[in-house]
Amino acid sequence: MIAPARTVRGRLQVPGDKSISHRYAILSALAEGCSTIANYAPGGDCQSTLACLAALGVSIERPDGPGGRVTVTGRGLGGLNPPTTPLDCGNSGTTMRLMAGVLAAHPFTTTLFGDASLSRRPMRRVMAPLAEMGARFEAAPGDRPPIVIHGARLRPIHYTPDVPSAQVKSAVLLAGLQTEGTTSVTEPAPTRDHTERALEAFGIPATVDGRRVSVQGGRRLQAHDLTVPGDISSAAFPAVAAAALPGSDVTIDAVGLNPSRAAILDLLRRFGAVVEAQVTSIRHGEPVGHIRVRHGALEPVEVLPAEVPEVIDELPVLAALATFGGGISVSGAGELRVKESDRISALIGGLRAMGADADERPDGFVIRPSRPLTGGAVDAHHDHRLAMAFAIAALGATGPTTIGGAEVVAVSYPSFFDDIDRLRS
Ligand code: S3P
Numbered sequence: 007m008i009a010p011a012r013t014v015r016g017r018l019q020v021p022g023d024k025s026i027s028h029r030y031a032i033l034s035a036l037a038e039g040c041s042t043i044a045n046y047a048p049g050g051d052c053q054s055t056l057a058c059l060a061a062l063g064v065s066i067e068r069p070d071g072p073g074g075r076v077t078v079t080g081r082g083l084g085g086l087n088p089p090t091t092p093l094d095c096g097n098s099g100t101t102m103r104l105m106a107g108v109l110a111a112h113p114f115t116t117t118l119f120g121d122a123s124l125s126r127r128p129m130r131r132v133m134a135p136l137a138e139m140g141a142r143f144e145a146a147p148g149d150r151p152p153i154v155i156h157g158a159r160l161r162p163i164h165y166t167p168d169v170p171s172a173q174v175k176s177a178v179l180l181a182g183l184q185t186e187g188t189t190s191v192t193e194p195a196p197t198r199d200h201t202e203r204a205l206e207a208f209g210i211p212a213t214v215d216g217r218r219v220s221v222q223g224g225r226r227l228q229a230h231d232l233t234v235p236g237d238i239s240s241a242a243f244p245a246v247a248a249a250a251l252p253g254s255d256v257t258i259d260a261v262g263l264n265p266s267r268a269a270i271l272d273l274l275r276r277f278g279a280v281v282e283a284q285v286t287s288i289r290h291g292e293p294v295g296h297i298r299v300r301h302g303a304l305e306p307v308e309v310l311p312a313e314v315p316e317v318i319d320e321l322p323v324l325a326a327l328a329t330f331g332g333g334i335s336v337s338g339a340g341e342l343r344v345k346e347s348d349r350i351s352a353l354i355g356g357l358r359a360m361g362a363d364a365d366e367r368p369d370g371f372v373i374r375p376s377r378p379l380t381g382g383a384v385d386a387h388h389d390h391r392l393a394m395a396f397a398i399a400a401l402g403a404t405g406p407t408t409i410g411g412a413e414v415v416a417v418s419y420p421s422f423f424d425d426i427d428r429l430r431s
């Protein structure tokens, strides 16, 4: 149950970046020697990636538990063992799609499955290019999980996906890393570039030419000692709370400020928030720094289709911000319907139940400025980002809000409710 808040103030760090953690774990497993990953994301999704790698014979130690340092002893390119059971990807689309790219190049059969939410998500987008490279796939009707991957010796391709997706790009590049020759992907729109930066950190040049990124296969990866920055997509929740509530002032330290993830900061400014962001170091090619967000009078914001890929994970919390007064319209975001839930209908359904004046569109949504929300009862729909977006919207309601299934925040941000409570003043 979330009670309304007057202001939020203070300083915090958010958990390690989920996207970067998956990539560091996978590349460490393919490297030769022992890598360490500090501040590895503590949530369930990145745990799923470690569990899959362990089932493929990779030695993984995590003596301090979630959020601590992970030690991964890599098996070298092509060195994974055939698994003895199907691999459980939990709630994590990134695990399933990136591991598909890794396993397509191993000459054995692997089954990947997930929970009810992941079992509804489309996998054709990775199966198609990996099949073009020479792997064979079986899947449930509609190309949904579970998927069976018959890995093979692959041939390089040049792939042009029809959806902008960092997961698809990364699956193809990870397969290409294990394939003699040059594999490349030309994206329809820029997406997060953590795979490219992580490859460079492991000593593999990823050549970027406009929207085309290429990798040379067959080169050995060097083990590394890595530190994961805080997750800007998690930071977005306290940042939005600060933008939304008058008198608020919140600083988030040691957070990733990769430009392909930082579009949320410009959107907060467009809403009227006062946002300062400063890069203080570059770690393994990833800019890291702090963000300070203060409230400002809220304005209406329009998010255009071209802007969507770079704020795809932040749209639910931006919708929450819009309920504090400014309003928002979003189009070209049909991809939201195939995330952990149908993030258009579940989001708008929940915000309406809390009193918002909001409508779905086939590829987006509109939230009109109105009176404060009343609060009420909503369901998280097994979707961590919806649970957190509803919680932030609830801070501005006139009454309490109950979020069913709120424990799902553990997928990406286990300490979310504690952190928000600490910031209340
Ligand atoms: C991710 C890419 C995005 C994003 C997801 C994480 C990644 O998905 O929504 O949370 O780590 O590559 P798509 O590739 O489906 O856009």
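According to my numbering, the stretch in the sequence shown is residues 7 to 431, in order. Built from N, CA and C at the ideal position, the CB exists for glycine as well. These figures come from a predicted structure and were not determined experimentally.
Please report the straight-line C-alpha distance between residue i and residue j, rounded to a whole angstrom.
i	j	result
Ala177	Gly355	33 angstroms
Arg159	Pro92	21 angstroms
Ala247	Met139	45 angstroms
His301	Val280	6 angstroms
Gly331	Pro196	31 angstroms
His296	Pro113	44 angstroms
Glu308	Val336	6 angstroms
Val384	Leu401	14 angstroms
Phe119	Ser125	7 angstroms
Leu86	Ala181	14 angstroms
Leu342	Arg391	11 angstroms
Pro170	Lys345	14 angstroms
Phe396	Leu304	19 angstroms
Val14	Ser123	33 angstroms
Phe143	Ile32	21 angstroms
Met129	Lys175	13 angstroms
Leu36	Met360	47 angstroms
Glu29	Ser266	In the sequence under discussion, the amino acid at residue 29 is Arg, which differs from the Glu named in the question. Going from the Cα of Arg29 to the Cα of Ser266 covers about 16 angstroms.
Asp199	Ala44	20 angstroms
Ala111	Ile153	15 angstroms
Leu251	Pro293	29 angstroms
Gln284	Gly148	45 angstroms
Tyr419	Asn264	19 angstroms
Ala47	Lys24	5 angstroms
Ignore the nearest five residues each way along the sequence and tell me which others in residue i's own chain have a CB closer than 6 angstroms to its CB.
i	result
Ala393	Ala386, Ile409, Ala412, Val414 and Val415
Phe243	Val323, Met394 and Ile398
Pro135	Tyr165 and Val178
Gly82	Glu38
Asp231	Thr42
Ala364	Ile354, Leu357, Arg358 and Ile373
Opposite residue i in the DSSP bridges: which residues?
i	result
Ala146	Arg150
His164	Ser190
Pro293	Ile288
His387	Paired residue(s): none; His387 is not in a bridge.
Glu346	Paired residues: none, contrary to the question.
Gln470	Absent from the structure is residue 470, since the part of the chain shown begins at 7 and ends at 431.
Ser433	Only positions 7 to 431 of the chain appear in this structure, which leaves residue 433 out of reach.
Asp231	Thr42
Ile334	Val307 and Ile373
Arg15	Asp255
Ile155	Thr116 and Phe143
Arg298	Thr257 and Glu282
Would you mind sorting residue i into buried or exposed? The rule is 16 or more other CB atoms within 10 Å of its CB.
i	result
Gly253	exposed
Asp168	exposed
Gly236	buried
Gln173	buried
Met7	exposed
Ala1	This structure leaves residue 1 out entirely; the chain is present only between 7 and 431.
Arg17	exposed
Ser376	exposed
Thr404	exposed
Gly370	buried
Pro2	Outside the displayed span of the chain (7 to 431) sits residue 2, for which this structure offers no information.
Ala339	buried
Tell me which residues share the same chain as residue i and place their Cβ nearer than 7 angstroms to its Cβ, disregarding the 5 neighbours each side in the sequence.
i	result
Leu109	Thr116, Ile155 and Gly157
Glu320	Ser239, Ala242 and Ile270
Ala434	The structure shown does not extend to residue 434, since the chain spans only 7 to 431, so no value can be given for it.
Val329	It is worth fixing the name first, because residue 329 is Thr in this sequence and not Val. Leu357, Ala362, Ile373, Leu379, Ala399 and Gly402.
Gly39	Gly80 and Ala229
Leu62	Leu86, Asn87 and Pro89
Gly99	Leu124, Arg127 and Gln173
Gly74	Arg68
Asp425	Leu18 and Pro244
Gly50	Gly96, Asn97, Ala416 and Val417
Excluding five sequence neighbours on each side, which residues of the same chain lie with their C-beta closer than 8 angstroms to the C-beta of residue i?
i	result
Asp121	Gly96, Asn97 and His388
Arg161	Met139, Gly140, Thr185 and Gly187
Leu310	Ser337 and Gly338
Arg150	Ser125, Arg126, Arg127, Pro128 and Met129
Touching by the beta-carbon criterion (3+ pairs, under 8 angstroms), the stretch 280 to 298 and the stretch 333 to 353: no
Three or more C-beta pairs closer than 8 angstroms, one from the stretch 44 to 55 and one from the stretch 90 to 108: is that the case here? yes
Touch check for the stretch 171 to 190 and the stretch 219 to 237: three-plus C-beta pairs under 8 angstroms? yes
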